[in-house]
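Engineer: Could you have a look at this structure, given as structure tokens, before my questions?
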Amino acid sequence: MRLKPGITLEHAQEELRQALNLLTNAQSGQRYESPWQSYVIAVDQALPHLAVFTEPDLASGLLSPTYWHLLPVAGMGPEAGRVVYRELRTQIATLELAEEELLQLKQYAERPGVPVVLDTNILNWWEQPHTINWRQLFKDEGIDASSARLVVPLVVIEELDRQKYGAGLLAKRAATAIRYLDQKLTGITPGEPVKLTDNATLEVSLGTRHGQPGTEADTAILTCAADLNQLLPDAGTRVLTDDTNMRLRAAHMGLQTLRLPERHRKPGTAMSDTEP
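Numbering of the sequence shown is given in this note's numbering, commencing with residue 1 and proceeding in unit increments.
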């Protein structure tokens, strides 16, 4: 689920609740109104409330094929009334499911710690996340926070899975990274965070939008960070990367980035062997 830019979760919850109330009241019927009139008026009034949602597009969902077939009927006959009530029940059920999803999204957003979205190379070429003192790193970077919420987009795991079947050092590093994630996340409900240290948790972001077919991996990683940044505008979401291209693209999207100190780079990489 995604909201329009600038829309808070609390505001979205309020708008969704108002839309649900309108449809529920229409189902009860209004004095001097036919079921058709109550339905059409409720849909018309609910549309602006649902416009805050972009994915799924709940407003467009109200304008279903049934809605367009009912418009010219104008409440003629009892059969039209039965269709109206059936459509209302369907739309109410859809919005109730959206309300549950929005609540889950709010719980997801309220997890503690500064969201830090990892790119693939961080897991390949840098020390494992649990060995890093994130509190000290934040302090050194001037970030006022005591804990890190480390987020691994699903596309990162897909990249590591592909890389581990190759040859050479990259394949070995990718296989090591996959084993590390398996070890840390085994037994954990998919998408739930696991405690790494007293100042860091680790979770996999299962957002399907981040890894749609044809989406380039870096774009999917940045999209994951952008979604978190929109949900938590005051949390200071960071993209953890050492890639210049990623930092430039993140800046273009209005995202903050974070780099690990060189002492955390694994030996044996070209960068670690570069003369200062």
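A virtual CB, placed ideally from N, CA and C, is assigned to each residue, including glycine.
Cα separation between P117 and R86?
Structural biologist: For clarity, residue 117 is Val in the given sequence; the question names Pro instead. Spanning the two alpha carbons is a distance of roughly 44 Å.
Engineer: Alpha carbon to alpha carbon, what distance is there between W134 and R280?
Structural biologist: With the chain running from 1 to 276 in the structure shown, residue 280 is simply not present.
Engineer: What are the residues that DSSP puts in a beta bridge with T201?
Structural biologist: Its beta-bridge partners are R149, K195.
Engineer: Please state the DSSP three-state secondary structure of R249.
Structural biologist: Helix at R249.
Engineer: Taking buried to mean at least 16 other C-beta atoms within 10 Å of its own C-beta, is D218 buried or exposed?
Structural biologist: So D218 counts as buried.
Engineer: Label Y39 either buried or exposed according to how many other C-beta atoms from any shown protein chain fall within 10 Å of its C-beta, with 16 as the threshold for buried.
Structural biologist: Flag for Y39 reads buried.
Engineer: Can you list, in chain order, the residues of its chain whose CB lies under 8 Å from that of A279, leaving out five sequence neighbours each side?
Structural biologist: Coverage of the chain is limited to positions 1 through 276, which leaves residue 279 absent and any answer about it impossible.
Engineer: Go to E15, then tell me how far its alpha helix (DSSP H) extends in each direction, as first and last residue.
Structural biologist: Unbroken alpha helix (DSSP H) run through E15: 9-28.
Engineer: What are the partner residues of F53, as DSSP defines its beta bridges?
Structural biologist: L3, per the DSSP bridge assignment.
Engineer: Touching or not, the stretch 37-54 and the stretch 106-121, by the rule of three or more beta carbon pairs under 8 Å?
Structural biologist: No, the stretch 37-54 does not touch the stretch 106-121.
Engineer: Report back the beta-carbon spacing between L20 and E96 to the nearest angstrom; my notes put them in contact at under 8 Å.
Structural biologist: Rounded, the Cβ-Cβ distance is 7 Å, consistent with contact.
Engineer: Taking only runs that begin and end inside the stretch 83-124, name each unbroken alpha helix (DSSP H) of 4 or more residues, in chain order.
Structural biologist: The stretch 83-124 contains no whole alpha helix (DSSP H) run of 4 or more residues.
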